[in-house]
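Heads up, the sequence shown is in the numbering used here, so the first residue is 259 and it goes up one at a time.
Below is one structure, written out as structure tokens; the observations come after it.
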Amino acid sequence: MSATTAPEPMESLPVRSTGTPVVLDRREGPFGEVVLRERGEHFEIIANGCFLMDTSDGRSERLLIDVALTSLPAGRTAPSVLIGGLGVGFSLVRAAEEERWGRIVVVEREQAIVDWHREGPLDRISGVALADPRAGILHTDLVTHLRTTTERYDALCLDIDNGPDWTVTESNESLYSPAGLAHCHDRLTPGGVLAVWSAQPSPAFEAALRNAGFSGVRTEEVAVARGVPDVVHLALRAG
259 MSATTAPEPM
269 ESLPVRSTGT
279 PVVLDRREGP
289 FGEVVLRERG
299 EHFEIIANGC
309 FLMDTSDGRS
319 ERLLIDVALT
329 SLPAGRTAPS
339 VLIGGLGVGF
349 SLVRAAEEER
359 WGRIVVVERE
369 QAIVDWHREG
379 PLDRISGVAL
389 ADPRAGILHT
399 DLVTHLRTTT
409 ERYDALCLDI
419 DNGPDWTVTE
429 SNESLYSPAG
439 LAHCHDRLTP
449 GGVLAVWSAQ
459 PSPAFEAALR
469 NAGFSGVRTE
479 EVAVARGVPD
489 VVHLALRAG
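Below, the structure written as structure tokens:
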């Protein structure tokens with residue numbers, strides 16, 4: 259959900275404007291309004307008037323996937339990954355680029371975002387990844403899915419908010435609660451990794467992860483042009 263320097267795959271995007279955002283689509287969904295805008299050569303997603311993410315930089319979204327894979331026990335074959343939040347597609351694309359991943363499941367609650375990727379402008383970012391036979395999208399709420407599914411994953415890579423301390427909707431707050439973290443713990447295989455994107459470091463969330471029984475808790479930072487760095491919070495389920 260960061261916004262700084264453009265990644266190489268986006269350089270071919272057509273320029274519609276030099277700075278004034280142009281609304282491409284606006285939808286009213288069960289969680290409020292979501293808007294897709296184009297600003298120059300980049301796309302932006304806005305939820306209930308709050309900027310969520312754009313396509314100007316995908317470093318931390320890719321890091322979310324990379325550090326989850328490298329944190330898994332050595333020798334694990336074709337690990338499965340659940341990506342919480344489709345967003346502009348950077349995390350999905352990164353996972354599909356890595357042949358070591360097995361099943362890739364993306365959970366996205368906003369039908370509009372799914373449509374923008376499957377049949378709209380964001381297809382040019384994620385089209386190849388979505389065509390990968392390992393990849394699939396579940397149109398459901400992540401918090402509900404983690405609470406109700408019996409599936410287990412080797413990695414949970416979650417990016418549905420601006421961080422544990424800055425949620426998009428109040429219903430997401432339960433994900434970072436003791437009960438929500440317990441559900442995350444239960445959905446991981448032994449030795450599995452939980453990776454959570456945040457727009458800023460959260461020592462309180464690190465403490466919550468330890469209290470929830472996770473081990474190896476640490477934070478990876480990605481410097482941004484201004485302000486505090488984006489981070490990925492990492493934690494392991496004991497093997």
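All residues carry an ideal CB built from backbone N, CA and C; glycine is no exception.
* To do: Can you have a look at Met268 and say buried or exposed, based on whether 16 or more other CB atoms are within 10 angstroms of its CB?
  => Confidence at Met268 is low in this model, with a pLDDT of 29, below 50, so the placement of that residue should be treated as unreliable; the coordinate-derived value is given next. By the Cβ-count criterion, Met268 is buried, with 16 or more other Cβ atoms from all chains shown falling within 10 Å of its own Cβ.
* Asked: Alpha carbon to alpha carbon, how far is Val273 from Arg297?
  -> Below a pLDDT of 50, predicted positions are generally treated as unreliable, and Val273, at 35, falls in that range; the measurement from the model is reported next regardless. Approximately 8 Å between the Cα atoms of the pair.
* Please list the segments of the alpha helix (DSSP H) lying wholly inside the segment 344-369, counting only runs of 4 or more residues, in order along the chain. => Those alpha helix (DSSP H) runs which fall completely within the segment 344-369 and span 4+ residues are 348-355.
* Per DSSP, which residues does Asp488 bridge with? Please list them. => Val480, per the DSSP bridge assignment.
* To do: Please report the residue range of the beta strand (DSSP E) in which Pro391 lies.
  => Careful: Pro391 lies outside any beta strand (DSSP E) and carries neither H nor E.
* Asked: If you draw a straight line from the alpha carbon of Val339 to that of Val475, how long is it in whole angstroms?
  -> As the crow flies, the alpha-carbon of Val339 is around 19 Å from that of Val475.
* Inter-residue Cα distance where the pair is Ala483 and Pro459 -> Near 16 Å, if we compare the C-alpha coordinates of Pro459 and Ala483.
* **For Ala305 and Gly347, believed in contact at Cβ under 8 Å, the rounded distance** => Rounded, the Cβ-Cβ distance is 16 Å, inconsistent with contact.
* Please go through the same chain and pick out, in chain order, the residues whose beta-carbon is closer than 7 Å to the beta-carbon of Pro331, but skip the five residues on each side of it. => Taken in chain order, the residues that qualify are Gly449, Gly497.
* Short Cβ contact (8 Å threshold) for His443 with Ala413 -> The Cβ atoms of His443 and Ala413 do not sit closer than 8 Å to each other.
* In chain order, which continuous runs of the alpha helix (DSSP H) of length 4 or greater are located wholly inside the segment 388-449? -> If we require 4 residues or more, the alpha helix (DSSP H) runs fully inside the segment 388-449 come out as 400-406, 436-444.
* Would you give the residue range spanned by the beta strand (DSSP E) that Phe301 belongs to? => Phe301 -> beta strand (DSSP E) spans 300-305.
* To do: Output the distance between the C-alpha atoms of Ser314 and Glu302, rounded to the nearest integer angstrom.
  => Answer to the nearest angstrom: the Cα atoms are 9 Å apart.
* Asked: So Leu322 is in the alpha helix (DSSP H); what residue range does that whole segment cover?
  -> For Leu322, the enclosing alpha helix (DSSP H) begins and ends at 317-329.
* **C-alpha gap between Glu479 and Ser318, whole angstroms** => If you take the alpha carbons of Glu479 and Ser318, they lie about 8 Å apart.
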